[in-house]
Each structure stands twice: as C-alpha cells, then as structure tokens.
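Okay, so the sequence shown: first residue is 12 according to this note's numbering, each after it adds one.
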Amino acid sequence: MKNIKVGLLGFGTIGTGVVKVIQQNCDVLASRLGATIELARIADLDTT
12 MKNIKVGLLG FGTIGTGVVK VIQQNCDVLA SRLGATIELA RIADLDTT
C-alpha cells in the first residue's frame, strides 16, 4: 500500500482536531484512498 506524507500548518484548535480525525479514521481513509496517511511534519509559530 502506498504511503502519503502530510504536512500540517498550525497546531492550535483546528490543527489538533485535524490530527485527531486522521488518527481516528485512519482505516477508513486508507481503504478509500488506497494509501496510508503519515503526518510527517507540523509547523506552528507558537511553541509554548
């Protein structure tokens, strides 16, 4: 199965929600896409 690397810009309320949805639905996404999703990088200005 193919692997898709994804980068995320921002890790606030929306960014964390996106990560949770990807994690919770990884099997469904993989079957529909024919590939697994790997969260490769996260970029965020606020590091606190």
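Where is the CB? At the ideal position from N, CA and C, for every residue including glycine.
Enumerate in chain order the residues of its own chain whose CB-to-CB distance from residue i is below 6 angstroms, with the five nearest sequence positions on each side excluded.
i          : result
residue 30 : none
Compare the C-alpha of residue i against each of the options and name the closest.
i          : options           : result
residue 52 : 17, 13 and 12     : 17
residue 46 : 21, 26 and 36     : 36
residue 54 : 23, 12, 15 and 13 : 23
Over the uninterrupted alpha helix (DSSP H) stretch that includes residue i, give me the two end residues.
i          : result
residue 28 : 24 to 35
What first and last residue would you give for the beta strand (DSSP E) that runs through residue i?
i          : result
residue 20 : 13 to 20
residue 50 : 46 to 54
In chain order, what residues of the same chain have a beta carbon less than 8 angstroms from the beta carbon of residue i, not counting five sequence neighbours either side?
i          : result
residue 12 : 41, 45, 46 and 47
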